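Enquirer: Just passing along the structure, written as structure tokens.
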Amino acid sequence: MKFAGHHILGISQFDRGHVDRIFEVADRMRPYARRERKTSVLEGAILGSMFFEPSTRTRISFGSAFNLLGGHVRETTGFESTAIAKGESLYDTARVLSGYSDAIVMRHPTEGSVSEFATASRVPVINGGDGANEHPSQALLDLFTIRSELADRGRGIDGLRIAMVGDLRFGRTVHSLSRLLTRFSNVRVSLVSPSELRMPEALVEEMRERGVDVVETDQLEVGIANVDIVYSTRIQEERFASQADADLYRGRFRLNQSIYTALCEPNTVIMHPLPRDSRVGAQELDEDLNDDPNLAIFRQSDNGVLVRMALFALILDVADQVDDYSKPVNWSTERRF
Amino acid sequence: MKFAGHHILGISQFDRGHVDRIFEVADRMRPYARRERKTSVLEGAILGSMFFEPSTRTRISFGSAFNLLGGHVRETTGFESTAIAKGESLYDTARVLSGYSDAIVMRHPTEGSVSEFATASRVPVINGGDGANEHPSQALLDLFTIRSELADRGRGIDGLRIAMVGDLRFGRTVHSLSRLLTRFSNVRVSLVSPSELRMPEALVEEMRERGVDVVETDQLEVGIANVDIVYSTRIQEERFASQADADLYRGRFRLNQSIYTALCEPNTVIMHPLPRDSRVGAQELDEDLNDDPNLAIFRQSDNGVLVRMALFALILDVADQVDDYSKPVNWSTERRF
Amino acid sequence: MKFAGHHILGISQFDRGHVDRIFEVADRMRPYARRERKTSVLEGAILGSMFFEPSTRTRISFGSAFNLLGGHVRETTGFESTAIAKGESLYDTARVLSGYSDAIVMRHPTEGSVSEFATASRVPVINGGDGANEHPSQALLDLFTIRSELADRGRGIDGLRIAMVGDLRFGRTVHSLSRLLTRFSNVRVSLVSPSELRMPEALVEEMRERGVDVVETDQLEVGIANVDIVYSTRIQEERFASQADADLYRGRFRLNQSIYTALCEPNTVIMHPLPRDSRVGAQELDEDLNDDPNLAIFRQSDNGVLVRMALFALILDVADQVDDYSKPVNWSTERRF
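Residue numbers (my numbering), protein chains in the order written: chain A, 1157 to 1493; chain B, 1157 to 1493; chain C, 1157 to 1493.
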């Protein structure tokens, strides 16, 4: 259950105790994220933020999390400016860059690259996404959001009923979240997708073996009827075998206020990994839901900062010092707009 | 007259009292910008610097202003790395990014985009330029420079005589400055431009209605003869209807040392929004003026830091705490070159 | 021997006393780079990191060095976002940007550009590389590494025997290092290169005039036989006059474990400016040396942080205050991987 000095590479390294510990620390980060207090616990520490693939929100979320703990952030974005383009191995890159910081968060388009990098790094590495493989902080913030939203309803993750909707074949976030859910009891997962985009069979088997009750359907109205959470994801039209197939399913997995009201239990929580496509015709998660208090997508994004603060605090072993280094915030957080 | 918790989106939101307050705070920022003292008043605060259009000097000026107040800066530059490119709405972008920081400065190529973003933001937003629309900190730093330069001559903004020279049709900075000047008394503005590039008629009318004495001319020698300030801007040749027109005016709005000496009153202040084009043939504001003490263009750029510090201090309501959190600077500011 | 308020533009400005002073300060930075202690000596100071040409490792190394001293970093990378692209002179860029920071590090593809920039800057400028011209912190970190490695063997730089291997004609780092070595006594330099890529004759003459014992050879086995240091650099095939020449030399300057063991004295130190090309066929410095304790290439890269901290501390005149502003590090530097 110790995190100090460990890499965070994938969710397979976490048992339920780890998850509980991360969430407990994340909970304690709320006063800082809400700017009620500030802490200088990582004053003088440096995060190396190595984004070899662009992802503004993930990058800024990690960077802000480190800043909120008092540390500095040094960044690189993109490949154009890197020695990797000149034939440098990930081994060398890791040996060099890990001499510049106290922790590294890395995103890279190639599966397995972050683990390879971590092997040579001299400081703890957090995987910020390596292609289709892993993005553990996203899975954790998703689960943390489920936990927070259910807590507001007096419930825990055990006994959760969740629908995952959309592209379940290629969606990294739903795969990771599904795996994390196997650590909990009495979970029922309703998988709602076109047949072309079903959750990989092996993963469905894995969930079932570990006691998750899995139901598969291509009917939205069936899938989202009796759940606590609807986790919606984007379907890209080009994923279908033919235009005829795409046409067949067009708009069938869309969620808007009237569909929500008609099909879902009251207070069903709506989640989405973001970004959502809001262009006309995207038919994903309509903007008419923006004022619905059950739309949790921005709380979900906010929770990312809490979870990332927790991960940094844990791998650098300052989780229990954060409050000791804290002060009230002295600027105004008033909003007059 | 309260700024705390407000957005800074355009100059129309400022009356004379606001302008006076901003400038009074900006004046008090001088010891920090000059590195006589340092302050940690915003220690722990995070600025989200969102430049969806490149502008190195504006970006660094805002970032340094926030650093000088003790805060951290998280940045994004360009579109390539943003979810906006994947169809995310400004609403979603704002909801997400505003969860990562205490204030946001945003630049975007589209008119109105920053206001739209601000509507969904949960923290105060400063417009760092939205296309041809607004760039309020630039207008404020221009007016602050006029005030500072005239103060050195024992004068105030009331009674100002200013010439604006060059492209007055498309130049956002001269438009905003003109509007700001309507808040003051006995101002005389001399507009010097080719006829194709005259100030928009509506803006000239607006100034006159508010009591500004406006004179228009295409003769540089007439326009800059009896003024306190010459505000020069660039004329781009492609703005002319024909090459013949461009040829007709070529070099006619150029300012250099001999023209300055021949036509201007002694100690007339020279301003320019920068960057100036110093390539051969640009004929804008010649480098032989670089050593003239009346060339205020770099003081103008320096003043940008003061004004931006003031804006941050005001919207976060720490203007009156800045000195309480201050210390003498302990490094050397000696220059031996 | 005073550095305060001076630019660092090239190694010609350093005599032996300067070098000794830089290294003495760099030595004192070790506890901070090792995260045993942290210092806030430059808290409130801002580094302007202006990389008009990409170089991730140099940029991050400088930025981390400034952060380790407690300061903030504002950055720009690339040309796309700069006023220079709109015709702004380096003079104007320097006047403007130097108003935003306490020191500037600048990299630029054009020889002489950093010196030109420095002339107009109002704060001290460190040259982070101007084309083929100078990159003084690289030369200093190379020499500092030689000094550190030899100190572990009970030796000093005087009396050094070093082999420089590879492309000695175009390699900026070996040129600068060679010049720095002329400040020391009884130095023997063995230059190992294909005849097309020999060290420029003028530089060889300069070394000899200043008392360096220079031997030239195109035989690796001769050149690296009796030295303390092998400084390996990359040979690019396209440098050869013909493919036949390239074929002739292919693999002849490669260093791997078996060649090292067969030809070098025990404990010969291996250096390289990095990045090294680890692609198959690069034949430069093989990865089978990675676990050899005599491979100093990552210590060399780490030393860059020490040397850059020293340069900042010296030009801002805080070298003797660093420890006064220090505290023990409170986070864990444990490694469990």
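For glycine and all other residues, C-beta sits at the position ideal for the given N, C-alpha and C. Note that the structure is predicted; figures quoted are calculated from it, not measured.
Could you pull the DSSP bridge partners for Thr1266/A from this structure?
Expert: In the first sequence, the residue the question calls residue 1266/A occupies position 110. Thr1266/A pairs with nothing; no bridge assigned.
Enquirer: What is the DSSP secondary structure of His1174/C, counted as helix, strand or coil?
Expert: The residue given as residue 1174/C occupies position 18 in the third sequence. If DSSP states are grouped into helix, strand and coil, His1174/C belongs with the helices.
Enquirer: Quick check on DSSP: helix, strand or coil for Tyr1247/A?
Expert: Reading the first sequence from its first residue, position 91 is the one you call residue 1247/A. Looking at Tyr1247/A - three-state DSSP - the assignment turns out to be helix.
Enquirer: Let me check understanding here. Comparing Cα to Cα, which of Ile1202/A, Ala1201/A, Gly1234/A, Arg1215/A lies closest to Ser1211/C?
Expert: Taking the first residue of the third sequence as 1, we reach residue 1211/C at position 55. Nearest option by C-alpha distance: Gly1234/A.
Enquirer: Decide if the stretch 1448–1464 of chain B is in contact with the stretch 1242–1253 of chain C; the criterion is three or more beta carbon pairs, one per stretch, under 8 Å apart.
Expert: Yes, the stretch 1448–1464 of chain B is in contact with the stretch 1242–1253 of chain C.
Enquirer: Where do the ends of the alpha helix (DSSP H) carrying His1331/B lie?
Expert: Translated into positions along the second sequence, residue 1331/B becomes position 175. Element bounds for His1331/B: 1328–1337.
Enquirer: Have a look at Gln1477/C and Glu1180/C and give me their C-alpha separation to the nearest angstrom.
Expert: In the third sequence, the residue the question calls residue 1477/C occupies position 321. In the third sequence, the residue the question calls residue 1180/C occupies position 24. Cα to Cα, Gln1477/C sits roughly 14 Å from Glu1180/C.
Enquirer: For the structure I just gave you, are there three or more beta carbon pairs, one from the stretch 1401–1421 of chain B and one from the stretch 1365–1373 of chain B, closer than 8 Å?
Expert: Flag = no, the stretch 1401–1421 of chain B and the stretch 1365–1373 of chain B do not touch.
Enquirer: With DSSP run on the structure shown, which of helix, strand or coil describes Pro1484/A?
Expert: Along the first sequence, read from residue 1 onward, the residue named residue 1484/A stands at position 328. Pro1484/A falls in the strand class under three-state DSSP.
Enquirer: Using a Cβ-Cβ distance under 7 Å, would Gly1367/A count as near chain C?
Expert: Within the first sequence, numbered from 1, the residue matching residue 1367/A stands at position 211. Closer than 7 Å: no.
Enquirer: Would you call the CB atoms of Glu1267/A and Asp1248/A closer than 7 Å?
Expert: Walking along the first sequence from the start, residue 1267/A turns up at place 111. Walking along the first sequence from the start, residue 1248/A turns up at place 92. Contact: no.
Enquirer: Taking the beta strand (DSSP E) that Val1478/A belongs to, which residues open and close that run?
Expert: Position 322 of the first sequence, counting from 1, holds the residue named residue 1478/A. Here Val1478/A belongs to no beta strand (DSSP E), and DSSP marks it neither H nor E.
Enquirer: Quick one: which residues of the stretch 1252–1263 of chain A get their C-beta closer than 8 Å to a C-beta of chain C? List them in chain order.
Expert: Here the close residues are Val1252, Leu1253, Gly1255, Tyr1256, Ser1257, Asp1258.
Enquirer: Between Ala1259/C and Val1279/C, which are expected to be in contact by the criterion C-beta below 8 Å, what is the C-beta distance as a whole number of angstroms?
Expert: Along the third sequence, one-based indexing puts residue 1259/C at 103. Along the third sequence, one-based indexing puts residue 1279/C at 123. Yes, they are in contact, since the Cβ atoms of Ala1259/C and Val1279/C sit about 6 Å apart, within 8 Å.
Enquirer: Ile1191/C versus chain A: which residues are under 7 Å apart at the beta carbon?
Expert: Your numbering for residue 1191/C matches position 35 in the third sequence. Sequence inspection shows Arg at residue 1191/C; the Ile mentioned does not correspond to that position. Chain A residues near Arg1191/C: Asp1258.
Enquirer: With DSSP as the reference, identify every bridge partner of Gly1204/A, one or two as the case may be.
Expert: Sequence index remark: in the first sequence, residue 1204/A carries index 48 (1-based). BP columns for Gly1204/A point to Arg1230/A, Ile1260/A.
Enquirer: Let me know if Pro1484/C comes out buried or exposed under the rule of 16 or more other beta-carbons within 10 Å of its beta-carbon.
Expert: Residue numbering aside, residue 1484/C sits at position 328 when the third sequence is read from its first letter. So Pro1484/C ends up on the exposed side.
Enquirer: Thinking Leu1316/A and Val1343/A are a contact (beta carbons under 8 Å), I'd like their distance in whole angstroms, please.
Expert: Translated into the one-based positions of the first sequence, residue 1316/A becomes position 160. Translated into the one-based positions of the first sequence, residue 1343/A becomes position 187. Indeed they touch by this definition, with Cβ atoms about 5 Å apart.
Enquirer: Taking the alpha-carbon of Ser1351/C as reference, which of Ile1318/C, Ala1402/C, Leu1306/C has the nearest alpha-carbon?
Expert: In the third sequence, the residue the question calls residue 1351/C occupies position 195. Here the closest residue by C-alpha is Ala1402/C.
Enquirer: According to the Cβ coordinates, are Gly1166/A and Glu1290/A closer than 7 Å?
Expert: By one-based count along the first sequence, residue 1166/A stands at place 10. By one-based count along the first sequence, residue 1290/A stands at place 134. Yes; because the gap between Cβ atoms is below 7 Å, this pair is in contact.
Enquirer: What does Leu1472/C touch in chain B if you count any residue whose Cβ is under 8 Å from its own?
Expert: Counting from one through the third sequence, the residue named residue 1472/C turns up at place 316. By Cβ distance, chain B contributes Trp1487, Ser1488.
Enquirer: Comparing alpha-carbon positions, which option in Thr1389/B, Asn1283/B, Arg1172/B lies nearest Arg1408/B?
Expert: Walking along the second sequence from the start, residue 1408/B turns up at place 252. Of Thr1389/B, Asn1283/B, Arg1172/B, the residue nearest in Cα terms is Thr1389/B.
Enquirer: Going by beta-carbon coordinates alone, are Asp1369/C and Leu1333/C separated by less than 7 Å?
Expert: By 1-based counting over the third sequence, the position of residue 1369/C is 213. By 1-based counting over the third sequence, the position of residue 1333/C is 177. No, the pair does not count as a contact, with Cβ atoms beyond the cut-off.
Enquirer: Residues in the same chain with beta-carbon distance under 6 Å from Ala1475/A, minus the five sequence neighbours each way, listed in chain order, please.
Expert: If you number the first sequence from 1, residue 1475/A lands on position 319. Around Ala1475/A: Val1181, Ala1469.
Enquirer: State buried or exposed for Thr1195/C, treating a residue as buried only when at least 16 other CB atoms are found within 10 Å of its CB.
Expert: For the purposes of this step, residue 1195/C is identified with residue 39 of the third sequence, where counting begins at 1. It counts as buried.
Enquirer: With a threshold of 7 Å between beta carbons, is Ser1196/B in contact with chain A?
Expert: Along the second sequence, read from residue 1 onward, the residue named residue 1196/B stands at position 40. Closer than 7 Å: no.
Enquirer: What is the DSSP secondary structure of Asp1458/A, counted as helix, strand or coil?
Expert: In the first sequence, the residue the question calls residue 1458/A occupies position 302. It is helical.
Enquirer: Rounded to the nearest angstrom, how far is the Cβ of Met1465/C from that of Met1185/C, given a contact under 8 Å?
Expert: On the third sequence, position 309 is the one that residue 1465/C refers to. On the third sequence, position 29 is the one that residue 1185/C refers to. 4 Å between Cβ atoms; contact.
Enquirer: Taking the alpha-carbon positions, what's the Val1330/C to Val1321/C distance?
Expert: By 1-based counting over the third sequence, the position of residue 1330/C is 174. By 1-based counting over the third sequence, the position of residue 1321/C is 165. Spanning the two alpha carbons is a distance of roughly 9 Å.
Enquirer: With respect to the beta strand (DSSP E) encompassing Val1140/A, which residues constitute its N-terminal and C-terminal limits?
Expert: As displayed, chain A neither begins before 1157 nor continues past 1493, which places residue 1140/A out of reach and without an answer.
Enquirer: Span of the alpha helix (DSSP H) holding Thr1417/C?
Expert: One-based indexing of the third sequence puts residue 1417/C at position 261. Note, Thr1417/C: alpha helix (DSSP H), 1413–1419.
Enquirer: Can you give the beta carbon distance from Thr1489/B to Arg1191/B, rounded, assuming they're within the 8 Å contact cut?
Expert: Walking along the second sequence from the start, residue 1489/B turns up at place 333. Walking along the second sequence from the start, residue 1191/B turns up at place 35. Rounded, the Cβ-Cβ distance is 5 Å, consistent with contact.
Enquirer: What span of residues does the beta strand (DSSP E) with Thr1195/A cover, start to end?
Expert: Within the first sequence, numbered from 1, the residue matching residue 1195/A stands at position 39. 1193–1195 is the span of the beta strand (DSSP E), which, as asked, contains Thr1195/A.
Enquirer: Short check: CB of Tyr1501/B to CB of Leu1224/B, under 7 Å?
Expert: Nothing can be reported for residue 1501/B: it is not among the residues displayed for chain B, which extend from 1157 to 1493.
Enquirer: Work out the CA separation of Phe1326/A and Ile1302/C for me, nearest whole Å.
Expert: Looking up residue 1302/C in the third sequence gives position 146. Looking up residue 1326/A in the first sequence gives position 170. Between Ile1302/C and Phe1326/A, the C-alpha separation is close to 52 Å.
Enquirer: Starting from the C-beta of Val1261/C, find all residues in its chain whose C-beta is less than 6 Å away, skip the five residues before and the five after it, and write them out in chain order.
Expert: Here residue 1261/C refers to the residue found at position 105 when the third sequence is read from its first residue. Answer for Val1261/C: Ser1205, Phe1218, Ile1282, Gly1284, listed in chain order.
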